[in-house]
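S.K.: The listed protein sequences derive, respectively, from chains A, B and C.
Be aware that the first sequence starts at 4, since it is given in this note's numbering, and climbs by one per residue.
Be aware that the second sequence starts at 19, since it is given in this note's numbering, and climbs by one per residue.
Be aware that the third sequence starts at 3, since it is given in this note's numbering, and climbs by one per residue.
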Amino acid sequence: MAPILEVHELGKTFGSITAARDITVAVPAGQTLGIIGANGAGKTTFVNLITGYLKPSTGRILFERRDITDLSPREITRLGVCRSFQVPQVFPTISVLDNMAIALGIARRGAGALWRPLRSRRLVEDAGAILERYRIADYRDALASTLPQGVRKLLDIAMAVAAEPRIVLLDEPTSGISVEEKYEIMEVVVGALRASGLTILFVEHDMEIVERYADRVLAFYDGTVIADGPPDEVLHDEKVKQFVVGETLHRTARQGAAAAHA
Amino acid sequence: MLTAFAILIDGLVYASWLFIVAIGLSLIFGVMKILNVAHGAFYAFGAYGAATLVGLYFEAGLPVAGAFAAMLLAAVLIGVILGGILERGLLRRVYGRDEVIVLLVTYAVFLILEDVLLLIWGADSYFAYQPYVALGNVVVGEMIISTYDLGLIALAGLTAIGAWWGLNRTRSGKLLIAVIHDREMSTTLGINVTAVFAITFVIGAVLGAFGGAFTAPKISVTPGLGVEVIVIAFAVVAIGGMGSVAGALIGSVIVGLCRAAAVHLLPEVELFVIYAVMALVLAFRPQGLFSRAEARKI
Amino acid sequence: MPDRTLLLLCAIFAAAVAVSFVMPSWAVFLTTIAVAKALVVLGLMILWRTGLVSFGQALYFGAGGYAAGLAGRWLGLTDAIALCLLGAIAAALIAWVVGLLLARYREIFFAMLSLAFSMILYGVLVKSEALGSTDGINIASATFLGYAPSGPAQVVSVYLLTVLAGLIAASVVHVFLQSTIGQLTAPIRDNEIRVEYLGVSARAVVHLEVVIAGALAGAGGVLTALAVGHIDPEMAYWTTSGGFVFVTILAGTGSVIAPFLGSLLFEMVRSFAMAYAPETWQLMLGAALLVTILFFPGGLWSLFERRRARA
């Protein structure tokens, strides 16, 4: 089976700054891949490059064997690669339900789909069902600008996958969320996404989260990948400990919390 | 050859006029990010005010030389009063709102001031030709050029130098430039942006009134003055770039020469060419030829 | 359950037709002008919701008017419906070309570029002897599929066509705004990048809106020309564009009905002011605008909605 996503010698420079260099990764379909690294190591640059927000200086990106290196974010989204944002990008002046409805409305296939009325009964039901699945249905009529951060993140992610993509990149899905809520959110998201056989790439700072949910981990440092493998291996790798994690994970109180949510 | 020379002179005279009118608008936009439609009203008030003052002056039988001081006085008074009232009374309430909203606010003010003008001066025409006539003409080759017009070129030059010097060589001017580049950063550096705004606006208003005052002797001062001027001033600022003295100069010269060329060679395109250049510049370099600001564009 | 707005539009249309039998000629004329202007405002409303203000709708308004006038003068075309379609299509084509560039801009640059294009047309019209220059051109009385009314019957006929155009335009725009693509107005205004990441080209949507607004303004221009019987370059001047923007703000953008109510009120107040205090009309308008912008950003319609919500 060909890998769903391949990246060959990807590099990006901004003048004299090298944000990414020599990244070569192959991701098989259905994998859940955790991306770790200190701030400025190049994780978000990596996501931006794959999703077309930045054009690489060198290298190629292949999605299902198709070269997507020069495509725009819009085209890449249409092909089936979606992303969520570190700072949730929603539409603040309309309701949560409307946000979801728009995402679904756009995802509808068929000629002239965009010209059909947005709020058809079917679509509103589908939007409501997704909000239920992400456990934010209570907020359906609230304006997106009034949402607590966790709900906003979930909405952002729900919108990102509305088009039923084959890959989703989650940029720090639990950043800015309280410790208690982090696991809840990941359970909901990963549960919902894995059910559809999606390939998931997620950027995370919280190593416990990475350990719990990732099949495989990429560790970034200084714009390139310094370790690539199963969580156990990578999180205990010497280089990773030095440049990313800081020291060995402390499996103390946190483990209790993780067990409680298991 | 004569035509080329005529185009050059006419172009420079028109450019000088444009520069004096547009520099105030450009500064206000550069510093405060406000596209001030009411600038047309400052111009109109300046023209009417100068015409009235000059009329009174000559009725009192005073020597011609002082008339210029009277015009300058009119401009300063009007700029300070109108500009001050507007800035403190109204604009302060809308700082920070969307640029287009602020533009609409200034447009509303412009409308109000246009009628205030009518209420004060009525629909009659006013003339203040004395200073213009008094300076006589200069004969260059086969061309007769009004000395007043040449004076305008000199005045524009002086204004440009004054503005440049004021911005780049004085401490206050450098503060202005800082605010032009980055308002937020300037605040964090301790610059009193509110005061900077107030002073800039008044200076811009004075410059606008100044343009009107020194144009008055060349024209008949009638209602509707401001309406025509503001849109041309916009074109100059759009072409040259906001907040830049060099930009306002280049924009004025480009528009001035284009118009003069059109008038002499192909009169049908006289107005069309100005706005075509404006559209062209906006299309390729929306922030204008000399601005360092970034345009909002995808 | 048919859409409530559409029902309301039909009711207003029926009332407008009925009342034409009893209205004096000057009132019929005034309402015609108001409805024609409301067509332009409908287009501005779509753009305003998307966070864009066009200061150049006079380009299409003028283009529509002159298309009708020149078709009458050069082709002898006087059928009002044909002229309407011609004007709207001509304006839409111009909007399509202009939109190729305009759709890439936002905020103040969108406003200034749209202004520049309309002033280009003005510049051409004012200096062109063939097109009547500043005097403009007179328009022959309109005919309606063979029927050639004159006098009061002409005024009423143009009026009926105008309110019919209003009904059609408002209904089409309403349906458009309910569709997925029409619902992208607020999203594009709020977060354009997100729209791109959902798979839609914001630029393409804005381009479409520019064309729709252009067509509407063109139709408005034709109808105004037929009602007034005369076209001149002032139709393309920047103050004309400004007038349209004012009505948009004053009326509010909450519903397709708002432009019509707002425009009618505007014309009524203007006629009154021009008759009794012509040198204070702009003052009143400016003051009304300031009050609206500062205290009632949703315009007249928001007041209307608030009262209904409380009832």
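Where is the CB? At the ideal position from N, CA and C, for every residue including glycine.
Computed from a prediction, not measured in an experiment: that's the story for all the values here.
How is the alpha helix (DSSP H) around residue 53 (chain A) delimited, first residue to last?
M.R.: Taken as a continuous stretch (DSSP letters only), the alpha helix (DSSP H) holding residue 53 (chain A) covers 46-53.
S.K.: Determine the direct distance from the alpha carbon of residue 134 (chain B) to that of residue 288 (chain C), and round the result to whole angstroms.
M.R.: Taking the straight line joining both Cα atoms gives about 11 Å.
S.K.: Could you tell me whether any Cβ in chain A is nearer than 8 Å to the Cβ of residue 139 (chain C)?
M.R.: Judged by the 8 Å Cβ criterion, residue 139 (chain C) is not in contact with chain A.
S.K.: Check each residue of the region 79-103 of chain C: if its Cβ is closer than 8 Å to any Cβ of chain B, include it; give the result in chain order.
M.R.: The region 79-103 of chain C vs chain B, Cβ under 8 Å: 103.
S.K.: If the cut is a Cβ gap below 8 Å, which residues of chain B does residue 136 (chain C) touch?
M.R.: Simply none; closest approach about 11 Å.
S.K.: Can you list, in chain order, the residues of its chain with a C-beta nearer than 7 Å to that of residue 130 (chain A)? Leave out the 5 residues immediately preceding and following it.
M.R.: For residue 130 (chain A), where only same-chain residues beyond five positions count, the Cβ hits under 7 Å are 100, 103, 104 and 107.
S.K.: Residue 180 (chain C) to residue 257 (chain C), Cα distance in whole Å?
M.R.: Near 11 Å, if we compare the C-alpha coordinates of residue 257 (chain C) and residue 180 (chain C).
S.K.: Report, in whole angstroms, the separation of the C-beta atoms of residue 231 (chain B) and residue 68 (chain B), which I expect to be a contact under 8 Å.
M.R.: Going by Cβ atoms, the distance from residue 231 (chain B) to residue 68 (chain B) rounds to 4 Å, so yes, they are a contact pair.
S.K.: State the Cα-Cα distance for the pair residue 291 (chain B) and residue 177 (chain B), rounded to the nearest angstrom.
M.R.: Cα to Cα, residue 291 (chain B) sits roughly 27 Å from residue 177 (chain B).
S.K.: Does any residue of chain C have a CB that is nearer than 8 Å to the CB of residue 153 (chain B)?
M.R.: Cβ-Cβ to chain C under 8 Å: no for residue 153 (chain B).
S.K.: Using a Cβ-Cβ cut-off of 8 Å, state whether residue 288 (chain C) counts as contacting chain B.
M.R.: Yes, residue 288 (chain C) counts as interfacial toward chain B.
S.K.: Give every residue of the same chain whose Cβ lies closer than 8 Å to the Cβ of residue 84 (chain B), excluding the five residues on either side of it in the sequence, and list them in chain order.
M.R.: Taken in chain order, the residues that qualify are 75.
S.K.: How should residue 245 (chain A) be labelled, buried or exposed, when 16 other C-beta atoms within 10 angstroms of its C-beta is the threshold for buried?
M.R.: Exposed: under 16 other Cβ atoms inside 10 Å.
S.K.: In angstroms with no decimal places, state the Cα-to-Cα distance between residue 157 (chain A) and residue 188 (chain A).
M.R.: About 7 Å.
S.K.: With a cut-off of 8 Å on the beta carbons, I'd call residue 44 (chain B) and residue 255 (chain B) a contact; round off their distance for me.
M.R.: Sure, about 5 Å apart at Cβ, within 8 Å.
S.K.: On the premise that residue 124 (chain C) lies in contact with residue 279 (chain C), defined as a C-beta separation below 8 Å, what is that separation, rounded to the nearest angstrom?
M.R.: Not a contact, Cβ separation roughly 29 Å.
S.K.: May I ask you to list, following chain order, the residues of the region 115-128 of chain B that have a beta carbon less than 8 Å from some beta carbon of chain C?
M.R.: Result list: 116, 117, 118, 119, 121, 122, 123, 125, 126, 127 and 128.
S.K.: With three or more C-beta pairs closer than 8 Å as the rule, is the region 214-227 of chain C touching the region 265-274 of chain C?
M.R.: Verdict: no, contact absent.
S.K.: On the criterion of 16 or more Cβ atoms from any shown chain inside 10 Å, does residue 315 (chain B) qualify as buried, or is it exposed?
M.R.: Only weak support is given to the placement of residue 315 (chain B): the predicted model assigns it a pLDDT of 39, under 50, and the value that follows is read from those uncertain coordinates. So residue 315 (chain B) ends up on the exposed side.
S.K.: Output yes or no for whether 8 Å exceeds the beta carbon distance between residue 244 (chain C) and residue 61 (chain B).
M.R.: Contact: no.
S.K.: At a CB-CB cut-off below 7 Å, which residues of chain C make contact with residue 119 (chain A)?
M.R.: Those are 181 and 182, listed as they occur along chain C.
S.K.: Looking at chain A, which residues of the region 99-131 of chain C have a Cβ within less than 8 Å of any of its Cβ atoms?
M.R.: Against chain A - using a Cβ distance shorter than 8 Å - the region 99-131 of chain C contributes no residues.
S.K.: Mapping the DSSP letters down to three states, classify residue 25 (chain C) as helix, strand or coil.
M.R.: In this structure, residue 25 (chain C) counts as coil in the three-state DSSP scheme.
S.K.: Check the C-beta distance from residue 281 (chain A) over to residue 146 (chain A) and give it rounded, since I have them as a contact under 8 Å.
M.R.: In the structure displayed, chain A extends from 4 to 265; residue 281 (chain A) sits before or after that span and is not available.
S.K.: Counting only the same chain and skipping the five closest in sequence on each side, list residues whose C-beta sits under 7 Å from that of residue 21 (chain C).
M.R.: Nothing listed; no residue qualifies.
S.K.: With residue 179 (chain C) as the anchor, note down where its alpha helix (DSSP H) starts and where it stops.
M.R.: Residues 154-180.
S.K.: Could you pull the start and end residues of the alpha helix (DSSP H) that residue 215 (chain A) belongs to?
M.R.: Counting along the chain, the alpha helix (DSSP H) containing residue 215 (chain A) begins and ends at 210-216.
S.K.: Taking all protein chains shown into account, decide if residue 254 (chain A) is buried (16 or more other Cβ within 10 angstroms of its Cβ) or exposed.
M.R.: Caution is warranted here: a pLDDT of 49 is assigned to residue 254 (chain A), below 50, making its placement in the model unreliable, and no coordinate value can be reported.
S.K.: Considering only C-alpha positions, which residue in the set C:39, C:177, C:92 and C:154 is nearest to residue 121 (chain A)?
M.R.: That would be C:177, whose Cα lies nearest to the Cα of residue 121 (chain A).
S.K.: Closer than 7 Å by C-beta to residue 313 (chain B): which residues in its own chain qualify, once you throw out the five before and the five after it? Chain order, please.
M.R.: Reliability fails at residue 313 (chain B), whose pLDDT of 46 lies under 50, so the model's placement of it is uncertain and no value is given.
S.K.: For residue 143 (chain A) and chain C, any beta-carbon pair shorter than 8 Å?
M.R.: No, no contact with chain C.
S.K.: Any Cβ of chain A within less than 8 Å of the Cβ of residue 188 (chain C)?
M.R.: It does; some Cβ of chain A falls within 8 Å.
S.K.: Looking at chain A, is there any beta carbon in it that lies within less than 8 Å of the beta carbon of residue 192 (chain C)?
M.R.: So, interface residue.
S.K.: Drop a sphere of 10 angstroms on the beta-carbon of residue 216 (chain C), count the other beta-carbons inside from all chains shown, and report buried for 16 or more, exposed for fewer.
M.R.: That one is buried.
S.K.: I'd like to check one pair, residue 59 (chain B) with residue 117 (chain B): are the Cβ atoms closer than 8 Å?
M.R.: It is not a contact, given that the beta carbons lie outside the stated cut-off.
S.K.: Helix, strand or coil, according to DSSP, for residue 161 (chain B) in the structure here?
M.R.: Strand, per DSSP.
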